[in-house]
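Chains as they are written, first to last, in this note's numbering: chain A, 788 to 1324; chain B, 26 to 512.
A virtual CB, placed ideally from N, CA and C, is assigned to each residue, including glycine.
These numbers come from a predicted model, not from an experiment.
Scroll down for the structure; my scribbles are underneath it.
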Amino acid sequence: MQQYLISLLIFIPLGAAFAGILIPSGNHRFFRIGTLTISMIQLLILVIMYAGYEYDGGVQFIEKQPWITLPLGTWGTLKAEYFVGVDGLSFPLIAMSVFVMVIATISSWTISKNVKGYFLLFLLLNAAIIGTFTALDFLLFYLFFEFMLLPMFFLIAIWGGERREYASIKFFLYTLAGSILILIVMIGLYISINEPGEAGTIVHSFNMLNMAEPSNFISNSILDPNNPWKLKFYDARYWAFLLLFFGFAIKLPMVPLHTWLPDAHVEAPTPVSVVLAAILLKIGGYGLARIAFPIFPEAALHFSWFVGLMGVISIVYGALNAMASRDLKRLIAYSSVSHMGFVLLGLASLTGEGIAGATLQMFSHGIISAILFLLVGVIYDRTHDRTISNYSGLSIRMKKFTVFVLIGFFASMGLPGFSGFIAEVLVFLGAFRAPTANGLLHESFAIIATSGLILGAAYYLWTLQRMFFGPLDVKGGIAADTLTDMDRREYLMLVPLSLATFAFGVFPQPIIDLIDPFAQGLSHMVLTTGKKLTLFP
Amino acid sequence: MESGALKGILDSIGASLPYFAAELFLTVSVLLLITIGLIKKEATLIHVAAFFLMAVTLGIEIAHLNANPQSIFSGMFRSGNSFGDFFKCLFSVSGLFTIAMTWRSERTQSRLAEYYALLFTIVLGANMLVMAENLVILFLALELISISSYVLTGFLFDKKGAEGSLKYFLFGSVASAVMVYGISILYGIFGTLNFTAFQLPSIDSIRLFYLAGSLTLAGFLFKIAGVPMHPWAPDVYEAAPMPVVAFFSVVPKIAGVAILLKFVLYCIPAGINWQLIITAIAILTLLVGNFSALWQKNVKRLMAYSSIGQSGFLLVSVASVSLQGAEALLFYSSVYVILTFLLFFFLQQFENRAFTTIASYEGAGKPFFWPSLFMLVAFVGLTGLPPTAGFTGKLFLFSALWESYAATGSQLLLWLLIFGLLNTVVSLFYYLRIPYYAFIRPAQQNFQANNLTFENLLGAILVLVILILFFSPQLLMGWINRSNFVF
């Protein structure tokens, strides 16, 4: 039974989406309740998985089925498998995804246009996300990764705001461009790899775990570490790492490839924004930690200063942009860019703490950004206006709402007691230790990055002061009597999320236990293998 | 002539005839169709007759698959080459699809016998093309395709059709003339017209060979609408009837790429590396096709540029100059045939309701849900995204290219790899425009749609095939690979 749990996670929503086509579209309630039920079932499966999870067990809940086996003459056999499993990196991210999906489904209650289509696409997206996080076969990963785009495109394009056409196309083109970069490397990898097994036969497999083992490369193939090939000024493997890095950095998003994100967020409906910010961005960081770093460790060492630098730039530039934003949702979108910079910085440090911090940051930002976008949704549902300067003194009319805004803003700021704090502290520890531990980053990186925290405090506190305190005043044709306080459905969404960020902030040990073996393992693996490959190319 | 020599020739012709059965049957079919058309004017009868004859041709071709390779008609053709035989089946399948489309068309119901006779002639020409071993036969086959195509282009008998047809004719004649010139120089260099027997030319004729080769290339590129011989495509596509457009974007194109690949592969033993020229052309074709498609407003013109872009992808297989490239071409062109017809069946259905510009698809997704959904799958497949077989096809194409790059280390191949893949991003932008209008823009007018149509049934089946070929490509690729590979 254990080995099928992940498949259940993926195929229950997928199956439901196809079954849902047959149900008449008039029955709105059915689609809402149905989608919620499926998310709850996923949550239940997750609890079962957590109960059986072994902290030091490495990759577990593995399911491996033959998928494509294609003998191609003397060239060898092409082999792709249905190969899924979870470890300390993917398990927290799946847990967060499923949890956020439940909340996002509740938040989708307000969708009234073409309800059937919306929920079916939502279920497809759900399946694709879980698949992306669990796939350990590159082709399978790529399938889910691409398959996420289409539902997301339609969710933004059909249910979005005024400039939804522009935003959805931009989102699609940017992400597709990123995935093409990944595809180039994928093709290069599978033709260079030989699955260890029988001697004399060449099996080109897509198994990502095999790709991380340098001895599995066919000697003198293009991505073979012992291959002396150079393309212009870098080794082919360095180029491959850079392609993967930029491919995933678009998704992350990293400055300067981030410009699709604010547009997509501003136009997307609230639940789609939640999914986008909380889950989809994490796939960028996940891809770096799962694919780019372990498969090309020597390139990761070589470029770690660059990755760290881009992280620092994202942190500061994102924060500055957030401060200049007039639209509340845009502000939060830019704060996401800033926070995802910490993921890059943590990974670049290549220390155990840094990688654990990056993973935890992805987990914690998933929860916190969900809170923030839901909060924007609360106010947008009432007034259909998100301009910060149109509001003042909201705390007078909306006291309970203000409490949640305070929680959300403080959590995002990285205040102690919330999960973001733990994650950012770990990243800083890693970044500060990196210059002495492995000499990869410069001391100034961590120092400049801390200014991101200060800027974060600045834009959040300034927003609080502008929108929530002071005398009650609304401009821009907003009727003051629309400003009612939160209703029961909104509590249902915000209370669990707030409790989660609080719980993991006060008592982070369970999640750190989960992540730590993976983080130590990756750090150790990249440093030793990377150094070995750099010394003996 | 001595009677013994004559008898020998006659015997060899007689012995060759059984290997030429499908082509002979196609020739007979052309005559039969014209005769039927003279006796009975009833449209249904002609449709059924054409469908039946094409199905029989397909049957003959399938029966001859995996036959022993044989040079027939004293070195004019090679029968029993699994590469060509596969394509011949593909052409007949395309023919069947085209006949079904014509049956569903509202605009091409007159002069059907002549129409089908021309269609069969093109299939015959394409068959001869992929079997050719001799440059004269190659030219003859190309002309057979071209001349019939000129007439078919104008088959709506309106002013636009006449214009498109004439443009096509003028352009085609020039291309043919240039090609013949190139062939004559090749004959001068090698002393033989059999291109499978080309030997290494002497050092001082290498330059002349490149000139002759490039001139010959013009003829191929014209047929596959490759840059710089592509400008006829948009006008012809816009003027021709929808089934003819679908047919044009499949059969002559694939036949042209197939014979080009064969030609290039045979030039390699002669020590001449064509790779760079083909690679440069492939890059240009991709860029011109995809970027021009971005600005189109008319659906047929959009499809014309899209087919130029697709030629670029097909040329990737030629650029890799390897057996793997050939196998990838077989897979990709099969998928391309299915995707093209899947798309064109619905484009025609919409054209029957006067949807001609992209903007006219506004809001069509609601009343015409299934057609729009099937079209979306076709567009996603043509872009090459999973989970459609279009992705698998591109994966094979670019894998072959990667391998070829790893073997030769030629920088231009790397550029083709990068440009080719990045062009899929560009192509997504225009391929998504029709689904975008259909699903996202609000409807301007009310339509009544019937869900139980022939198109929907066929569409569902084709979509299923496209998905199945993604999830288990071994069904087709394994079969391609098992057959003993001979050109």
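*THR449 of chain B touches chain A at which residues, Cβ-Cβ below 7 Å?*
ILE967
*Taking all protein chains shown into account, do 16 or more other C-beta atoms lie within 10 angstroms of the C-beta of LEU494 of chain B, making it buried, or fewer, making it exposed?*
buried
_Just verifying my parser: in three-state terms, what is the DSSP assignment at LYS851 of chain A?_
Here LYS851 of chain A sits in strand by DSSP.
*What three-state label does DSSP hand ALA873 of chain A in the structure shown?*
Note on residue identity: the sequence assigns Val, not Ala, to residue 873 of chain A. Here VAL873 of chain A sits in strand by DSSP.
*With a CB to CB cut of under 7 Å and the five nearest residues on each side skipped, what residues in its chain are close to LEU441 of chain B?*
Only THR304, ALA307, ILE308, VAL341, ALA344, LEU426 meet the Cβ criterion.
*Contacting residues, own chain, Cβ-Cβ under 6 Å from PRO1258 of chain A (five flanking each side not counted)*: Cβ contact annotation for PRO1258 of chain A (same chain, cutoff 6 Å, sequence separation greater than five): GLY1180, in chain order.
*What residue range is occupied by the uninterrupted alpha helix (DSSP H) comprising VAL346 of chain B?*
No alpha helix (DSSP H) holds VAL346 of chain B; DSSP gives it neither H nor E.
*For SER41 of chain B, which residues from the same chain have a beta carbon less than 7 Å from its beta carbon, with the 5 sequence-adjacent residues on both sides left out?*
ILE97, PHE98
*May I have the straight-line CA-CA distance separating PHE909 of chain A from LEU143 of chain B, to the nearest angstrom?*
50 Å
*asked:* Can you tell me where the alpha helix (DSSP H) holding ILE793 of chain A begins and where it ends?
replied: 792–807
*Using a Cβ cut-off of 8 Å, which residues of the region 310–322 of chain B contact any Cβ in chain A, in chain order?*
none
*Beta carbon of ALA1064 of chain A nearer than 8 Å to that of PHE1028 of chain A*: no
*Check whether the Cβ of PHE1232 of chain A lies closer than 7 Å to any heavy atom of the ligand FMN, and answer yes or no.*
This structure lacks the ligand FMN, and indeed carries no ligand of any kind.
_I'd like to know if the region 888–900 of chain A and the region 848–855 of chain A are in contact, where contact means that at least 3 CB-CB pairs between them fall below 8 Å._
no
*Compute the Euclidean distance between the alpha carbons of LYS1038 of chain A and GLY197 of chain B, then round it to the nearest angstrom.*
Roughly 47 Å separates the two Cα atoms.
*Would the beta-carbon of LEU907 of chain A fall within 8 Å of that of ALA804 of chain A?*
yes
_For GLY244 of chain B and SER201 of chain B, believed in contact at Cβ under 8 Å, the rounded distance_ = Contact flag correct, Cβ pair sits at about 6 Å.
*Provide the residue span of the beta strand (DSSP E) that contains HIS991 of chain A, from first to last.*
990–992
*On a CA-only basis, which of A:PHE932, A:MET883, A:SER812, A:GLU949 is nearest SER1325 of chain A? Give me that one, please.*
Lying outside 788 to 1324, the shown extent of chain A, residue 1325 of chain A is not represented and no answer is given.
*Establish whether the CB of SER1008 of chain A and some CB of chain B are separated by less than 8 Å.*
yes
*Beta carbon of PHE370 of chain B, beta carbon of GLU480 of chain B: below 8 Å?*
GLU480 of chain B is positioned such that its CB atom lies closer than 8 Å to that of PHE370 of chain B.
*Starting from LEU410 of chain B, find everything on chain A with Cβ-Cβ shorter than 7 Å and list it in chain order.*
Simply GLU933.
*Per DSSP, what kind of secondary structure is ILE303 of chain B in: helix, strand or coil?*
helix
*Whole-Å CB distance - THR1189 of chain A paired with ILE1070 of chain A, under 8 Å assumed*: In this structure THR1189 of chain A is not in contact with ILE1070 of chain A, their Cβ atoms being roughly 33 Å apart against a cut-off of 8 Å.
*Given a cut-off of 8 Å, decide if TYR386 of chain B and ALA329 of chain B are closer than it, judged by their beta-carbon atoms.*
Going by C-beta atoms, ALA329 of chain B is not nearer than 8 Å to TYR386 of chain B.
*Taking C-alpha atoms, which residue in B:ALA403, B:TYR206, B:TYR430, B:PRO256 lies nearest to LYS192 of chain B?*
Its Cα nearest to that of LYS192 of chain B, the residue B:PRO256 stands out among B:ALA403, B:TYR206, B:TYR430, B:PRO256.
*asked:* So, with DSSP's three-state summary, where would you put ASN315 of chain B?
replied: In the structure shown, ASN315 of chain B adopts helical secondary structure according to DSSP, grouped into three states.
*asked:* Any C-beta of chain A within less than 9 Å: which residues of the region 466–500 of chain B qualify?
replied: ARG466, PHE495, PHE496, SER497, PRO498, GLN499
*How would you label GLU67 of chain B, buried or exposed, when you count the other beta carbons within 10 angstroms and need 16 or more for buried?*
exposed
*asked:* 8 Å is my cut-off, CB to CB: does GLY975 of chain A come that close to chain B?
replied: yes
*Out of A:ASN1108, A:TYR1167, A:PHE1208, A:LYS1186, which has the shortest C-alpha to C-alpha gap to SER1151 of chain A?*
A:PHE1208
*asked:* Please report the distance separating the alpha-carbon of VAL1099 of chain A from that of LEU348 of chain B.
replied: 48 Å
*What are the residues that DSSP puts in a beta bridge with SER96 of chain B?*
B:ARG103
*Between which two residues does the alpha helix (DSSP H) containing ILE383 of chain B stretch?*
It is not in any alpha helix (DSSP H) - ILE383 of chain B carries neither H nor E in the DSSP assignment.
*Can you round the beta-carbon distance between PRO268 of chain B and THR69 of chain B to whole angstroms, since I take them to be within the 8 Å contact cut?*
About 16 Å; that fails the 8 Å criterion.
*What residue does the alpha helix (DSSP H) around ASP260 of chain B start on, and which one ends it?*
257–264
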